[in-house]
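Taking it in order: structure first as structure tokens, then the write-up.
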């Protein structure tokens, strides 16, 4: 006859010590578990940062190629510039998704920096988050995205894509005005679509992106330099 019986485990009993118990309390030195944990998170954050930079680099290369081709000949159609805007939109969507993943690892690094290393350097300032251990443990148990797709898009628009799209749409305006054989707004026409309709679509698209990027909001992304006051008094 076989059976099983449940018995409470005494955590203080060395024979029944739970795996990991006290690991980050007793080994806090430079070569301890906390240091290894921090180095691991820095490495993962760096990899995701490189993925973001790679997308941005491709967006800049595509923009430069489209601008060069569009102005290389007066016979080249102007709507290639608008197609370039659509391509930048695809890059924006990809980069926003990657930024949401990057924020997971960066938030863990910032949690350790603010509540372990900053506190260790100057305990008089207190802890940034009294429940940081529980929050970090929850993130390890079940990693989840912390920010919405719209916030990620707004962040990448502010940092990268709104300036790129401004250059692209500005070049399109120059292309259909100064380099066109027909008067404005007819020069903006695409096939059977009249120029006024094309202009309206471009203005509404750019205005919508501007609203997404610049409207006031509570930022949930874990950041280091979100404000503009970078000079210490």
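Numbering (our numbering), first residue to last: 1 to 233. Even for Gly, the Cβ is constructed at its ideal location relative to N, Cα and C. Quick caveat, the model's predicted, so the values are computed rather than measured.
So the alpha helix (DSSP H) residue 172 belongs to, where does it begin and stop? The continuous alpha helix (DSSP H) containing residue 172 extends over residues 162–177.
In whole angstroms, give me the CA-to-CA distance for residue 45 and residue 117. Distance from the CA atom of residue 45 to the CA atom of residue 117, rounded to whole angstroms, is 18 Å.
Pick helix, strand or coil for residue 127, following the three-state DSSP scheme. It is coil, neither helix nor strand.
Assuming contact is defined by CB atoms lying nearer than 8 Å, are residue 209 and residue 157 in contact in what I supplied? Closer than 8 Å, so yes.
Which same chain residues, not among the five before or five after residue 84, have their C-beta less than 7 Å away from its C-beta? Spatial neighbours of residue 84 in its own chain (CB-CB distance under 7 Å, excluding positions within 5 residues in sequence) are listed in chain order as 62, 63, 66, 168.
When the Cα of residue 132 is compared with those of 114, 192, 88, 56, which residue comes out closest? Measuring C-alpha to C-alpha distances from residue 132 to each of 114, 192, 88, 56 identifies 114 as the nearest.
So who's on the other strand from residue 190, going by DSSP bridges? For residue 190, the pairing in a beta bridge is given by DSSP as 193.
Would the C-beta of residue 69 count as close to the ligand GDP, meaning under 7 Å from any of its heavy atoms? Absent from the structure shown: the ligand GDP. Ligands present: none.
Nearest CA to the CA of residue 218: which residue from 166, 206, 150, 189? Taking only the C-alpha atoms, the option nearest residue 218 is 150.
Residues in the same chain with beta-carbon distance under 7 Å from residue 52, minus the five sequence neighbours each way, listed in chain order, please. Excluding its 5 nearest sequence neighbours in each direction, residue 52 has C-beta neighbours in its own chain below 7 Å: 95, 98, 99, 102, listed in chain order.
Going straight from the alpha carbon of residue 166 to that of residue 80, what length do you get? Spanning the two alpha carbons is a distance of roughly 15 Å.
Nearest-angstrom Cα distance between residue 30 and residue 36? For residue 30, the predicted structure reports a pLDDT of 49, less than 50, and the residue's modelled location is therefore unreliable. The matter cannot be settled from this model.
Taking the C-alpha atoms as reference points, what is the distance between residue 189 and residue 211? A direct Cα-Cα distance of roughly 26 Å separates residue 189 from residue 211.
Along the chain, which unbroken stretches of the alpha helix (DSSP H) at least 4 residues long are found entirely within the segment 88–141? 118–121, 132–141, all fully within the segment 88–141.
Just how far apart, CA to CA, sit residue 278 and residue 74? Residue 278 cannot be examined here, being either before or after the span of the chain that is shown, 1 to 233.
Beta-carbon separation of residue 144 and residue 107 under 8 Å? Taking 8 Å as the cut-off, the beta carbon of residue 144 is found no closer than this to the beta carbon of residue 107.
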